[in-house]
Amino acid sequence: MGYVRQACSAWKPHYTILDHKKDPKFEIWGPCCPCTLCNGKIDFPIRPIGSEEVIANINKQWSGFAREYFTDSDNFGVSFPMDLDVKLKATLIGAVFLIDFMYFEDSDKGNHGML
15 MGYVRQACSA WKPHYTILDH KKDPKFEIWG PCCPCTLCNG KIDFPIRPIG SEEVIANINK
75 QWSGFAREYF TDSDNFGVSF PMDLDVKLKA TLIGAVFLID FMYFEDSDKG NHGML
């Protein structure tokens, strides 16, 4: 399939998507404030390595106050080109789970679905 590598970044979420041969294919940079209260939708644009062109996107949608505050469930969407290799599509879907786990899940439930 492929790999999602979390890169070091002091201020923004940063991931590299690698194919099955571990060749880097895409980068994902998230916002410095991944909080849905800021704007209701959080985008994680996906760009080919070395390009500024956004070819795909992962986003977290605002689920409404009650769901965001009282539960740990989230709504994510992912869009990518139809002609993208199926293994890379599966890897991007895996990146959704990693982003959710790293930035929107909290075991102590003290953040109520936000950072």
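15 is the number of the first residue of the sequence shown in my numbering; add one for each residue after it.
Even glycine gets a Cβ: it sits at the ideal position worked out from N, Cα and C.
When the distance is taken between beta carbons, is residue j closer than 7 Å to residue i?
i, j, result
"Lys74", "Ile56", "yes"
"Thr105", "Ile31", "yes"
Is DSSP giving residue i helix, strand or coil here?
i, result
"Ala104", "helix"
"Leu98", "coil"
"Val68", "coil"
"His126", "Legend: pLDDT at His126 = 47, less than 50; position of this residue unreliable, value from coordinates given subsequently. Coil."
Tell me the DSSP bridge mates of residue i?
i, result
"Tyr117", "Beta-bridge pairing links Tyr117 to no other residue."
"Trp43", "His28"
"Asp57", "Asn73"
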